[in-house]
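Peer 1: One structure, pasted below without further comment.
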Amino acid sequence: MPGWFVRLAIHPLAGPDRSYAALSVEKAVAVARSAFGTDVRIGASFWTMTSFGHGIPLTIGCADEKHERRSPDGPLSASSGDYHDLLPNSIDVAVGARSVEVEAAVMSVLVQQDINDFLIRVCSSEHVTTGGCSDLNAWGPPIELAATYHADSFVARDLALSWVHVHEGYKVGRAAGNSLDALRARVEAAPRGTRIAVAGTVARARKHAELEDSAERERMGLLVRDEPDPRARWRKSIEVTEREDALRARGEVLPLGTRVALAGDAELTREQVLAALSTRPATLLEALEASAVPDDAWRAIEPIALETIQAAKEGAPTENVIVNTGAHTRFIEHHAPFHVRRLPRGGVVLATHPYRTLWPLWADALFALGLIS
């Protein structure tokens, strides 16, 4: 926006980094466009406002194809400076009908507003097909994220990308640009009856991410173990990463590992994913909307939370309260609602609070359609 300034950093694969301390938005866009396509990753940092009235630093990262092959985080990413920028430890709440439940609901409502706003703004380009939001560092299985974006109505993409990531160990950032037909073919390639483990909670999703990162380091270590010199091992690991798809097709690299189930994980079968991919997008979307029904605890507390938020906006006295306690977290984990938002141009956002994953919403919708029991 006019009057805003952006800090720009350009990181080439070869040669020195370049940085610009304070560019106008128009100048930053021009500089980034001129550099893109020359084996670079670009970071644009600026300040933005949250629904809590807090100014927070936000960085938009954009990677060209070669950079993305080396480190598949997604061609476009956005991150705040700190975990607590979007999930604050304390918030200002209007004095009045105060309780843990009201405070947690106020936080949940405002955080979900921010997530919807940021995700749509980052993804609202004709070149972006899908995206997601999570408090995890990596772009993991979409059904284990807090929110996903689809430029079209084909939300079954979430299931197909999750299958590719969990069953094949293939990074979502590298598969997200595939067509639905290509994703379906990858699901069909698995043997009949194949199942994957799904993390229904954020804690289990984090644990899976840790185990998968560790397994990937071990796998890469085995691939470069014959190189005695550390620099040679590093160069070989980069070469393998950049050429991995072609090498795997020839059987020249170790396969990526299938996730190992943890206690309490749900299961999703090959046939269930294929059935969802074969379901009319409108039918699947309607099932998700019907499943995004708040529970009784949320319905009871939401009107009070909305009144409290409105009172603060109108200038009522407020008090700063701590909202990162176990009681606040548990209320959000169990009761924060799911939202299915249809966008004006045919896009869709599925979202909840980052303390939850989208899997419970998906599980209810698939059950309602008779695709899982």
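Residue 376 is where the sequence shown ends in this note's numbering, and the numbering goes up by one at each step.
The beta carbon of each residue, even a glycine, is placed where N, CA and C say it ideally should be.
From a predicted model like this one, the values you see are computed outputs, not experimental measurements.
1. Three-state secondary structure (DSSP) at Gly329?
2. Would you tell me roughly how many angstroms separate the C-alpha atoms of Ala66 and Ile45, rounded to the nearest one?
3. Quick one: what's got a C-beta closer than 6 Å to Gln275's C-beta in the same chain, skipping five residues either side?
4. For Gly6, name the three-state secondary structure that DSSP assigns.
5. Work out the CA separation of Asp367 and Ala149 for me, nearest whole Å.
6. Could you tell me the distance, in whole angstroms, from the CA atom of Ala354 to the CA atom of Asp229?
7. Quick one: is Tyr86 buried, meaning 16 or more other Cβ sit within 10 Å of its Cβ, or exposed?
8. If we count the other Cβ atoms within 10 Å of its Cβ and call it buried at 16 or more, is Ser217 buried or exposed?
9. Quick one: what's Cys136 bridged to in DSSP?
10. Whole angstroms is fine: what's the gap from Val296's alpha carbon to Leu372's?
11. State the CB to CB distance for the pair Leu291 and Leu183, rounded to an integer number of angstroms; the pair is presumed to be in contact (CB under 8 Å).
12. What do you reckon, are the CB atoms on His356 and Ser111 nearer than 8 Å?
13. Would a C-beta distance cut-off of 8 Å place Ser156 and Gly349 closer than the cut-off?
14. Run through DSSP, which three-state label would Leu346 get?
15. Quick check: Leu271 and Arg359, are their CB atoms within less than 8 Å of each other?
16. Span of the beta strand (DSSP E) holding Leu61?
17. In angstroms with no decimal places, state the Cα-to-Cα distance between Ala12 and Pro306.
18. Using three-state DSSP, classify Ile375 as helix, strand or coil.
19. Look at the Cβ atom of Val1, then the Cβ atom of Val96, and state whether they are nearer than 8 Å.
20. Please state whether DSSP places Ser182 in a helix, a strand or coil.
21. My output table needs one value for Pro363: the three-state DSSP class, helix, strand or coil.
22. Using 8 Å as the threshold, is the C-beta distance between Ala202 and Ala208 below it?
23. Tell me, please, which residues DSSP counts as bridged to Ile94.
24. Relative to the C-alpha of Thr417, which residue among Arg160, Val169, Val105, Lys239 is closest?
25. Are there 16 or more other CB atoms within 10 angstroms of the CB of His337, so buried, or fewer, so exposed?
Peer 2: Here's the rundown:
1. helix
2. 6 Å
3. Leu374, Ile375
4. Caution is warranted here: a pLDDT of 46 is assigned to Gly6, below 50, making its placement in the model unreliable, and no coordinate value can be reported.
5. 16 Å
6. 46 Å
7. exposed
8. exposed
9. Note: Cys136 sits in a beta bridge opposite Ala150.
10. 16 Å
11. Their Cβ separation, rounded to whole angstroms, is 17 Å, which puts Leu291 and Leu183 out of contact at 8 Å.
12. Yes, the pair counts as a contact, with Cβ atoms nearer than the cut-off.
13. yes
14. Correct three-state label for Leu346: coil.
15. no
16. 58 to 66
17. Whole-angstrom Cα-Cα distance: 44 Å.
18. coil
19. Since the first residue of the chain shown is 4 and the last is 376, residue 1 is not available in this structure.
20. Looking at Ser182 - three-state DSSP - the assignment turns out to be coil, as it is neither helix nor strand.
21. helix
22. yes
23. Val324
24. Residue 417 lies beyond the residue range present for the chain, which begins at 4 and ends at 376; the question has no answer from this structure.
25. So His337 counts as exposed.
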